[in-house]
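K.L.:
Those sequence lines, one after another, are chains E and W.
When we follow my numbering, the leftmost residue of the first sequence carries the number 10, and every step to the right adds one.
When we follow my numbering, the leftmost residue of the second sequence carries the number 2, and every step to the right adds one.
Even glycine gets a Cβ: it sits at the ideal position worked out from N, Cα and C.
Here it is, the structure, as structure tokens.
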Amino acid sequence: EAGVAQSPRYKIIEKRQSVAFWCNPISGHATLYWYQQILGQGPKLLIQFQNNGVVDDSQLPKDRFSAERLKGVDSTLKIQPAKLEDSAVYLCASSLSGGTGFYEQYFGPGTRLTVT
Amino acid sequence: AQTVTQSQPEMSVQEAETVTLSCTYDTSESDYYLFWYKQPPSRQMILVIRQEAYKQQNATENRFSVNFQKAAKSFSLKISDSQLGDAAMYFCASYNAGNMLTFGGGTRLMVKP
């Protein structure tokens, strides 16, 4: 079974530029998550999708971050314009469902963003 | 809101020895799960072990076991017979209804040959 795929693996941009990350979840997984992991910290949830609808985006800085999951499969996360404090690893994860009970989240390898 | 605290930024263990990583949490939920995740230098997060809050018996997965103290809101991970491949960042996490994971700050485990 293929895992969660993310691209690119690394990205370096200057502040005020824009950047986009792509995630392809495990086939059949209805729920998709984007996390931000700043160096030395644990991942922080940015947004959670159930199919193509947003379940939780309370910690997404909506003035500069946006995310979409068209057709309920692949997802993109965009930052525009980027700030220095956006330097982090952006992790994508997916699970079978986001309802009650436990559904293991499977993580992708992440995209390391450096903003200079 | 849930919070997860890992008070040990770094730990070191000799190969074949046992090490315990600490974690405390706070939640207002009555139904929750607790996890330990491993993140090797390649960054792919892997689930190591999980504990359902309603279960009194501590979870065990091969060389990995937990000490779950519900009243104290403590959830430590014990790694027995440590191996070089155990070296990684370890994150404690809590999970509530709605599939929300809250992570601690992590503990870097170094394994000395």
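1) So, using beta-carbon positions, are tyrosine 26 of chain W and lysine 74 of chain W closer together than 7 Å?
2) Quick check: the Cα distance between glycine 86 of chain W and tryptophan 37 of chain W, rounded to an integer number of angstroms?
3) Report back the beta-carbon spacing between alanine 97 of chain E and valine 28 of chain E to the nearest angstrom; my notes put them in contact at under 8 Å.
4) How far does the beta strand (DSSP E) with leucine 22 of chain W in it reach, from first residue to last?
5) Hey, would you say lysine 39 of chain W sits closer than 7 Å to isoleucine 50 of chain W, going by beta carbons?
6) Does the CB of glycine 106 of chain W have a neighbour CB from chain E at under 7 Å?
7) Please go through the same chain and pick out, in chain order, the residues whose beta-carbon is closer than 6 Å to the beta-carbon of alanine 60 of chain W, but skip the five residues on each side of it.
8) From W:Phe104, W:Ala89, W:Gln84, pick the residue whose C-alpha is nearest to that of alanine 17 of chain W; which is it?
9) Considering Cα atoms alone, identify which of W:Phe104, W:Leu110, W:Pro114 is closest to glutamine 50 of chain E.
10) Does any CB atom of chain E fall closer than 7 Å to the CB of methionine 46 of chain W?
11) Whole beta strand (DSSP E) runs in the region 2-43 of chain W with 3 or more residues, listed along the chain?
12) Please report how far the alpha carbon of isoleucine 22 of chain E lies from the alpha carbon of lysine 87 of chain E, in whole angstroms.
13) So serine 13 of chain W packs on methionine 111 of chain W, CB below 8 Å; how close in whole Å?
14) Quick check: is the beta carbon of tyrosine 58 of chain E nearer than 7 Å to any beta carbon in chain W?
15) List the whole-angstrom C-beta distance separating glycine 117 of chain E from glycine 37 of chain E, where the pair is believed to meet the contact cut-off of C-beta under 8 Å.
16) In the region 3-17 of chain W, which residues sit with their C-beta less than 9 Å from some C-beta in chain E, listed in chain order?
17) What are the boundary residues of the beta strand (DSSP E) that includes serine 103 of chain E?
18) Using a Cβ-Cβ distance cut-off of 7 Å, determine whether tyrosine 34 of chain W contacts chain C.
19) For threonine 123 of chain E, does the count of other Cβ atoms within 10 angstroms reach 16, so buried, or fall short, so exposed?
20) Determine, using beta carbons only, whether threonine 28 of chain W and serine 95 of chain W come nearer to each other than 7 Å.
21) Which of the three DSSP states is assigned to aspartate 72 of chain E in this structure?
22) Under DSSP, the beta strand (DSSP E) around isoleucine 50 of chain W begins and ends at which residues?
23) Take the Cβ of tyrosine 19 of chain E as the centre, count every other Cβ of all protein chains shown within 10 Å, and call the residue buried at 16 or more, exposed below.
P.N.:
For this structure:
1) yes
2) 16 Å
3) In fact, because the Cβ distance is near 12 Å, the residues do not count as touching under 8 Å.
4) For leucine 22 of chain W, the enclosing beta strand (DSSP E) covers residues 20-22.
5) no
6) yes
7) Ile50, Gln52, Val67
8) W:Gln84
9) W:Phe104
10) yes
11) List check, beta strand (DSSP E) in window: 4-6, 11-15, 20-22, 25-27, 34-40.
12) 13 Å
13) 5 Å
14) Correcting the residue type first, residue 58 of chain E is phenylalanine in the shown sequence and not tyrosine. The Cβ of phenylalanine 58 of chain E sits no closer than 7 Å to any Cβ of chain W.
15) Contact flag wrong, Cβ pair sits at about 16 Å.
16) The residues in question are Val5, Gln7, Pro10.
17) 97-104
18) Looking at the structure shown, chain C is missing, and the protein chains on hand are E and W.
19) exposed
20) yes
21) Collapsing the DSSP output to three states places aspartate 72 of chain E in coil.
22) 47-53
23) exposed
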